[in-house]
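Colleague: Sending over a structure as structure tokens; questions will come in a sec.
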Amino acid sequence: MPTRLLGTRQTVILAAGNGSRLTAARGGLPKPLVRVAGLTLIEHALDQAMAAGVEEAIIVTGNAADQMRAHLLTVNTPLKLTVVYNPRYHEPNGVSLLAAEPYVTGPFYLQMADHVFARPVLRFLDRVDAAPSGTARLLVDFHPVNLDEGDATKVRTSGPQITAIGKEIYPYDAVDTGCFRLDRQVFTALNEVARNEAPSVTLGMRRLLAQGQLAGVPLTGVRWTDVDTPEDFAKAELLLGARRRRTSIREAAVV
Numbered sequence: 002m003p004t005r006l007l008g009t010r011q012t013v014i015l016a017a018g019n020g021s022r023l024t025a026a027r028g029g030l031p032k033p034l035v036r037v038a039g040l041t042l043i044e045h046a047l048d049q050a051m052a053a054g055v056e057e058a059i060i061v062t063g064n065a066a067d068q069m070r071a072h073l074l075t076v077n078t079p080l081k082l083t084v085v086y087n088p089r090y091h092e093p094n095g096v097s098l099l100a101a102e103p104y105v106t107g108p109f110y111l112q113m114a115d116h117v118f119a120r121p122v123l124r125f126l127d128r129v130d131a132a133p134s135g136t137a138r139l140l141v142d143f144h145p146v147n148l149d150e151g152d153a154t155k156v157r158t159s160g161p162q163i164t165a166i167g168k169e170i171y172p173y174d175a176v177d178t179g180c181f182r183l184d185r186q187v188f189t190a191l192n193e194v195a196r197n198e199a200p201s202v203t204l205g206m207r208r209l210l211a212q213g214q215l216a217g218v219p220l221t222g223v224r225w226t227d228v229d230t231p232e233d234f235a236k237a238e239l240l241l242g243a244r245r246r247r248t249s250i251r252e253a254a255v256v
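For the sequence shown, my numbering assigns the number 2 to the initial residue and increments by one for each residue that follows.
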């Protein structure tokens with residue numbers, strides 16, 4: 002029997018931050034415009050969305066917003082691109098997610114522009130049987146490779162439910178990959194946090210898990226990395242360069 006999939010028409014891609022640890026070593030480009038294996042990080046994120054059948058990508062910019070918008074005008078993609086500027090981009094990333102709220106019309110993916118994967122992964126989140134109905138979903142890696150443990154956002158689980166999330170979580174069961182399937186309940190959670198402090202995505206997720214509304218979906222058989230430092234950049238080049246070589250070999254074989 003074929004795997005039953007949910008339909009997800011939109012994605013929100015957070016691409017607003019400074020990325021200072023990486024950009025100083027990459028010629029001062031805003032991080033989403035750093036090229037890895039021939040494509041910018043934002044283009045890799047768009048390719049992930051396109052592979053999952055997304056129709057519209059809502060891209061939240063902040064740092065170097067004009068440069069980002071100019072580059073996106075040159076990107077050849079069938080996706081509708083909606084660019085949203087967050088003037089508070091120096092604040093936690095939940096503020097950027099809230100900037101996308103007026104443009105979200107239904108369930109959506111959330112992606113981080115600086116997370117790259119060896120192959121498409123968002124459809125893992127669309128499997129009907131991957132998590133209880135109506136819960137927010139986070140793609141988690143139970144067996145991460147080359148993990149920067151101190152910098153990773155970690156999760157603790159009980160069955161499919163996530164019971165704790167944060168960089169400081171010990172012991173932990175898995176690592177947050179930066180890919181979510183969410184609905185409008187996340188904006189309610191973030192606005193509740195915002196009454197007391199500028200919200201991060203993690204703080205919003207903590208609101209959801211306190212209500213039993215955040216499930217972990219295992220990522221299996223796919224290597225990935227976030228790209229925060231020059232060392233991460235080197236890992237991403239190896240990861241995506243290998244994928245590109247495999248694709249070239251397959252295309253040559255077809256010809």
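For each residue, glycine too, the CB sits at the ideal point set by N, CA and C.
Quick check: what's the CA-CA separation for E44 versus C180?
Modeller: 16 Å
Colleague: To the nearest whole angstrom, what separates the beta carbons of A50 and Y90, a pair I think is in contact under 8 Å?
Modeller: Contact doesn't hold; Cβ gap of about 21 Å is too wide.
Colleague: Under three-state DSSP, which class holds L239?
Modeller: helix
Colleague: Could you tell me whether the Cβ atoms of L6 and V129 are closer together than 8 Å?
Modeller: yes
Colleague: Taking a contact to mean a Cβ-Cβ separation below 8 Å, would you say H116 touches W225 in this structure?
Modeller: yes
Colleague: Applying the 10 Å Cβ sphere with the 16-neighbour rule, what's the burial state of P33?
Modeller: Per the 10 Å Cβ criterion, buried.
Colleague: If the criterion is Cβ atoms closer than 8 Å, does the pair A153 and V223 meet it?
Modeller: no
Colleague: Report the rounded CA-to-CA distance for P121 versus A52, giving the unit in angstroms.
Modeller: Take the alpha-carbon of P121 and the one of A52: they are about 6 Å apart.
Colleague: Measuring only the C-alpha atoms, how far is G151 from K168?
Modeller: 7 Å
Colleague: Sort out for me which residues DSSP pairs A165 with in a bridge.
Modeller: R157
Colleague: With three or more beta-carbon pairs closer than 8 Å as the criterion, would you say the region 64-73 touches the region 92-107?
Modeller: With a cut-off of 8 Å on Cβ pairs, the region 64-73 is not in contact with the region 92-107, counting fewer than three such pairs.
Colleague: Would T136 and Q214 qualify as a contact pair, given that the criterion is a beta-carbon distance under 8 Å?
Modeller: Taking 8 Å as the Cβ cut-off, T136 and Q214 qualify as a contacting pair.
Colleague: By alpha-carbon positions, which one of D48, Y86, G8 and T203 ends up nearest to A65?
Modeller: Y86
Colleague: Can you give me the C-alpha to C-alpha distance between I59 and P108, rounded to a whole angstrom?
Modeller: 13 Å
Colleague: Using the three-state DSSP reduction, which class does I170 fall into: helix, strand or coil?
Modeller: coil
Colleague: Per DSSP, which residues does D48 bridge with? Please list them.
Modeller: DSSP lists no partner for D48.
Colleague: I'd like the list of long-range same chain contacts for L220, defined as Cβ closer than 7 Å, with 5 residues on each side in sequence excluded.
Modeller: V122, F125, L140, V141, D142 and T178
Colleague: What is the DSSP secondary structure of T136, reduced to helix, strand or coil?
Modeller: Three-state result, T136: coil.
Colleague: Please state the DSSP three-state secondary structure of E57.
Modeller: strand
Colleague: Between which two residues does the beta strand (DSSP E) holding V13 run?
Modeller: Element bounds for V13: Q11 to A16.
Colleague: Mark A46 as exposed unless 16 or more other C-beta atoms lie within 10 angstroms of its C-beta, in which case mark it buried.
Modeller: Looking at its Cβ environment, which holds 16 or more other Cβ atoms inside 10 Å, A46 is buried.
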